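The structure appears right after this line, and notes come after that.
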Amino acid sequence: MMKVVLLAVILASASSLSIERSGRTTSAIGLKQRLQSKNQHAVPSFLHSAAAPVDMDSGDSSSNSAVVVAAGEKKSLIDTIWNENTKLTAYLIVWYLGNVFYNIYNKKACIALGKNAAGGSNAHWALSAVQLLVGILFVVPLWITGLRKAPAMTADNWKELSPVGLWTALAHAFSVLALGAGAVSFGQIVKAGEPVFAAATNALLLKDIDHPMVYAALIPIIGGVGLASLKELSFTWTALIAASLANQAAALKNVVSKGVMGKPWAKALGPQNTYAVVTILALLCTLPFVAVFDVKDAAAVYDQVMKMGTGKDVLKYSLFSGLAFYLYNEASFLALEKLSPVTHSVANTLKRVVIIVASCIVFQTPMSVVGGIGSAIAVGGTLLYSLAKRQYSKKGSSGH
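Next up, the structure:
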């Protein structure tokens with residue numbers, strides 16, 4: 191019954207966010223039509239073209255250009271069914287479900303690998319590498335067959351993106367370690383504290399100082415994570431430290447991304463190829479860690495897995511988690527392209543709630559009342575932070 195309710199929540203969330211975007215797009219089209227009828231002779235001729243985008247949404251012309259069609263042009267059945275709203279709904283569903291299944295399959299792979307003396311899952315670097323490799327094996331055939339345009343990059347372009355790949359690799363590997371060492375729900379609660387690391391990193395490295403209200407929004411995140419950690423029945427230090435390191439790596443990834451992603455060649459990649467290229471670089475950066483930390487214990491881990499009889503589970507859940515990881519991240523990139531930053535923040539907050547609830551159901555993870563309140567405060571705090579960041583960055587950019 192709970193699984194049915196969870197699926198209903200995912201579908202309702204995706205539908206509501208899609209409807210919100212549909213409303214903004216419809217308003218934009220109506221406004222453009224009124225402007226055209228009122229100022230038809232004053233508007234440049236290129237705005238009357240079917241290819242001219244309506245820039246009334248989030249500043250992304252590619253997501254709007256497909257909506258505006260020339261008068262009298264007839265849509266095909268495929269275009270009618272697979273339109274901007276159904277695309278967004280599909281991206282959101284894949285993002286949510288992919289994230290839920292990734293967390294479940296990743297945890298099952300960690301369980302199948304067993305734990306080491308420190309309480310962490312065995313071979314978590316190797317598991318991270320396998321998951322990244324599965325994503326690459328998914329996208330490379332699309333490039334080879336021409337189903338997806340291959341990225342056109344120079345050696346210097348790859349070099350410029352390398353730091354992004356490094357911090358992506360570390361963020362992913364530490365997340366795998368955190369989710370393997372403790373309960374998935376607890377790992378997600380700590381990962382909700384990512385804005386705290388992002389704010390501190392931006393202030394220290396980029397001298398990017400936010401409005402006091404933005405920093406005030408960090409208080410419920412810190413307090414909620416602290417409260418959940420204090421009373422969390424599945425608390426482990428390994429999970430707490432690893433999730434915190436994942437947050438810090440993600441913050442550093444965002445810092446190095448700012449200098450690269452705004453360049454013309456990076457923008458030309460598009461969201462799907464951008465994520466694919468970063469995944470390739472992340473795998474290359476992960477392999478040295480596998481060689482240093484996991485290879486020496488490979489024989490012992492293999493014997494442990496064979497004794498537990500979980501060899502098939504290791505293979506199955508490693509592959510499934512890798513595919514789910516790649517698909518949900520790509521869907522997230524595509525959804526971000528079509529949503530405003532605030533709506534995307536709301537979607538990301540709802541996603542974390544869905545993962546926590548789903549993991550508690552699947553793994554029957556107990557959660558104290560205080561731990562539940564703390565997690566709710568922390569997750570809610572991330573939404574408040576996103577809204578405050580958006581609001582006060584607008585004021586700052588407009589000179590108020």
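Once you know that position 88 of the sequence shown is 278 in this note's numbering, the rest is easy, because the numbers rise by one and skip nothing. Glycine residues also receive a C-beta, built at the ideal position from the N, C-alpha and C atoms. Source: prediction; values computed, not measured.
{"Item": "Going by C-alpha to C-alpha distance, which of Ala481, Ala388, Lys497 and Ile470 sits closest to Lys443?", "Value": "Ala388"}
{"Item": "Return yes when the Cβ of Ala466 is within less than 8 Å of the Cβ of Ala368, no when it is not.", "Value": "no"}
{"Item": "Return yes when the Cβ of Ser266 is within less than 8 Å of the Cβ of Ile546, no when it is not.", "Value": "no"}
{"Item": "According to the neighbour-count rule (16 or more other Cβ atoms, all chains shown, within 10 Å of its Cβ), is Ile567 buried or exposed?", "Value": "buried"}
{"Item": "Using a 10 Å radius around the Cβ and a threshold of 16 neighbouring Cβ atoms, would you call Pro410 buried or exposed?", "Value": "buried"}
{"Item": "To which residues of the same chain is Gly288 closer than 7 Å at the C-beta, ignoring the five residues directly before and after it?", "Value": "Ala514, Leu517, Tyr518 and Ala521"}
{"Item": "Using the Cα positions of Leu351 and Ala440, report the straight-line distance between them to the nearest angstrom.", "Value": "15 Å"}
{"Item": "Excluding the 5 residues preceding and the 5 following Val329 in the sequence, name in chain order all residues of the same chain whose CB lies nearer than 6 Å to its CB.", "Value": "Ala466"}
{"Item": "Below 8 Å between beta carbons: does that hold for Leu408 and Tyr286?", "Value": "no"}
{"Item": "What residue ranges within the stretch 283 to 334 form continuous alpha helix (DSSP H) runs of no fewer than 4 residues, ordered along the chain?", "Value": "none"}
{"Item": "Is Asn519 near the ligand MN, going by C-beta to nearest heavy atom under 7 Å?", "Value": "The ligand MN is not part of this structure, which contains no ligands at all."}
{"Item": "Give me the Cα-Cα distance between Lys579 and Asp487, rounded to the nearest whole angstrom.", "Value": "45 Å"}
{"Item": "Buried or exposed, going by whether 16 or more other CB atoms sit within 10 Å of the CB of Ile294?", "Value": "buried"}
{"Item": "When the Cα atoms are used, what is the spatial distance from Ala456 to Val559?", "Value": "46 Å"}
{"Item": "Cα separation between Thr270 and Lys277?", "Value": "11 Å"}
{"Item": "With 16 other CB atoms within 10 Å as the buried threshold, where does Pro556 fall?", "Value": "exposed"}
{"Item": "CA-CA distance, Leu394 and Ala436?", "Value": "18 Å"}
{"Item": "Do Ala359 and Cys475 count as a contact pair if the criterion is CB distance below 8 Å?", "Value": "yes"}
{"Item": "Does the stretch 411 to 420 come within contact of the stretch 320 to 338, defined as at least 3 CB pairs closer than 8 Å?", "Value": "no"}
{"Item": "Using a threshold of 8 Å, state whether the C-beta atoms of Ala302 and Thr500 are closer than that.", "Value": "yes"}
{"Item": "Excluding five sequence neighbours on each side, which residues of the same chain lie with their C-beta closer than 7 Å to the C-beta of Lys305?", "Value": "Ser311 and Asn312"}
{"Item": "Check His401 in the structure and name its three-state DSSP category.", "Value": "coil"}
{"Item": "Threshold first: 4 residues or longer. Then list the alpha helix (DSSP H) segments lying entirely within the stretch 526 to 584, N to C.", "Value": "531 to 552"}
{"Item": "Is Ala240 helix, strand or coil by DSSP?", "Value": "Confidence is the limiting factor: at Ala240 the pLDDT is only 35, short of 50, which leaves the residue's position unreliable, though a coordinate-based value still follows. The answer is coil: DSSP assigns Ala240 none of H, G, I, E or B."}
{"Item": "Report yes if the C-beta distance between Phe479 and Trp315 is below 8 Å; otherwise report no.", "Value": "yes"}
{"Item": "Going straight from the alpha carbon of Phe425 to that of Ala418, what length do you get?", "Value": "9 Å"}
{"Item": "Report the rounded CA-to-CA distance for Pro243 versus Leu332, giving the unit in angstroms.", "Value": "With a pLDDT of 36 at Pro243, under the threshold of 50, the modelled position of this residue cannot be trusted, and the question is left open."}
{"Item": "Could you give the uninterrupted runs of the alpha helix (DSSP H) lying entirely in the stretch 342 to 373, keeping only those of 4 residues or more?", "Value": "345 to 371"}
{"Item": "Name the residue from Trp357, Leu420, Ala363 and Ser530 whose alpha carbon lies nearest to the alpha carbon of Val445.", "Value": "Trp357"}
{"Item": "Taking its Cβ as the centre, do 16 or more other Cβ atoms sit within 10 Å of Gly383, making it buried, or is it exposed?", "Value": "buried"}
{"Item": "If I measure Cβ to Cβ from Gln494 and keep anything under 6 Å in the same chain, skipping five residues before and after, which residues do I get?", "Value": "Gly304"}
{"Item": "Considering only the beta carbon of each residue, do Val386 and Gly512 sit closer than 8 Å?", "Value": "no"}
{"Item": "Verify whether the separation of the beta carbon atoms of Leu317 and Val380 is less than 8 Å.", "Value": "no"}
{"Item": "Taking Cβ to Cβ, would you say Ala307 is nearer than 8 Å to Thr428?", "Value": "no"}
{"Item": "Considering only residues of the same chain and omitting the five flanking positions on each side of Pro461, which have a CB-CB separation below 6 Å?", "Value": "Phe523, Leu524 and Glu527"}
{"Item": "Please work out which residues of its chain come closer than 6 Å, Cβ to Cβ, to Ser447, disregarding the five sequence neighbours upstream and downstream, and give them in chain order.", "Value": "Val354"}
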